[in-house]
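Novice: So the sequence shown is numbered by my numbering: it starts at 851 and just counts up by one.
Cβ atoms here follow ideal geometry from the backbone N, Cα and C, with glycine treated the same way.
I have a structure I would like to understand better, so I am pasting it below and will then ask my questions one at a time.
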Amino acid sequence: MRCPFCGFEETQVKDSRPSEDNSAIRRRRFCPACGSRFTTFERVQLRELTVIKKDKSKTPFDRDKLQRSITIAVRKRPISSEQVELIVNSIQRQLEVSGENEIPSGQIGEMVMEALSGLDPVAYVRFASVYRDFREAKDFKAFISSLEAVAEAGPLEGKENVKNEN
Ligand SMILES: [Zn+2]
């Protein structure tokens, strides 16, 4: 595995253990050239998934991209990278077992919003505002007032959303 910092090819594995939910092997690596440490994950890929974007173009499902988009939404919120990892794992698994090879990007967005709605309202609103692409302030206001209606009706669900479905 090449060092992502300096490009050195011969990085060393320092430690290898299952991830928290046992769906991956986490390897801690060390680069002897620049001294950087980084982590890689080895996981099962059951099927090749294709995402159909809003403009109908197709792109391979990119787990890292999904993880990045959620990470941006939860920035400075009390949500750990492990929790983000669990959301991504859960979504990927649900998609893999869904039987569909081609998945509309909107479906993935809805799954992320569902998971975030149970975790953190701020992260949820951030993700939704990017994903739903609010063009006008009134769109955002309408969305916020729908959230307030939900909040008045009772607390958002607990953390069940990120638990493994299988
Ligand atoms: Zn390096």
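Is the CB-CB distance between SER940 and VAL901 below 8 Å?
Specialist: Contact annotation: SER940 and VAL901 have beta-carbon atoms that are not nearer than 8 Å.
Novice: Counting along the chain, where does the alpha helix (DSSP H) carrying PHE977 start and finish?
Specialist: Looking at the DSSP string, the run of the alpha helix (DSSP H) that includes PHE977 is 971–981.
Novice: Going by C-alpha distance, which of GLY857, MET851, ARG867 and GLN933 is nearest ARG918?
Specialist: Comparing alpha carbon positions, the residue from GLY857, MET851, ARG867 and GLN933 closest to ARG918 is GLN933.
Novice: Does the stretch 923–933 come into contact with the stretch 901–913, if we say contact requires no fewer than three beta-carbon pairs (one atom in each stretch) closer than 8 Å?
Specialist: no
Novice: Per DSSP, ILE875 is paired with what?
Specialist: PRO868 and GLU892
Novice: Determine whether the Cβ of ILE958 lies closer than 8 Å to any Cβ atom of chain D.
Specialist: Chain labels in this structure do not include chain D; a single protein chain is all it has.
Novice: Shortest alpha-carbon distance to LYS903 belongs to which of PRO971, THR890 and GLN957?
Specialist: The shortest Cα separation from LYS903 among PRO971, THR890 and GLN957 belongs to GLN957.
Novice: Quick check on the contact list: which residues have their beta carbon closer than 6 Å to a heavy atom of ligand 1?
Specialist: CYS853, PHE855, CYS856, PHE858, CYS881, ALA883, CYS884 and SER886
Novice: In the structure shown, what three-state DSSP assignment does GLU932 receive?
Specialist: Reduced to three states, the DSSP call for GLU932 is helix.
Novice: Buried or exposed for MET851, please, with buried defined as at least 16 other CB atoms from any protein chain shown within 10 angstroms of its CB.
Specialist: exposed
Novice: For ARG887, which residues does DSSP report across the bridge?
Specialist: PHE880
Novice: Which same chain residues, not among the five before or five after GLU860, have their C-beta less than 6 Å away from its C-beta?
Specialist: none
Novice: Going by other Cβ atoms of all chains shown within 10 Å of its Cβ, with 16 needed for buried, is GLU935 buried or exposed?
Specialist: GLU935 comes out buried.
Novice: Going along the chain, which residues of its own chain have a beta-carbon closer than 8 Å to the beta-carbon of SER866, five neighbours each way excluded?
Specialist: If we look at SER866 and ignore the five residues flanking it on each side, its Cβ neighbours are ILE875, ARG876, ARG877 and ARG878.
Novice: For my contact list, GLY959 and TYR981 are in at a C-beta cut-off of 8 Å; report their separation, rounded to the angstrom.
Specialist: 4 Å
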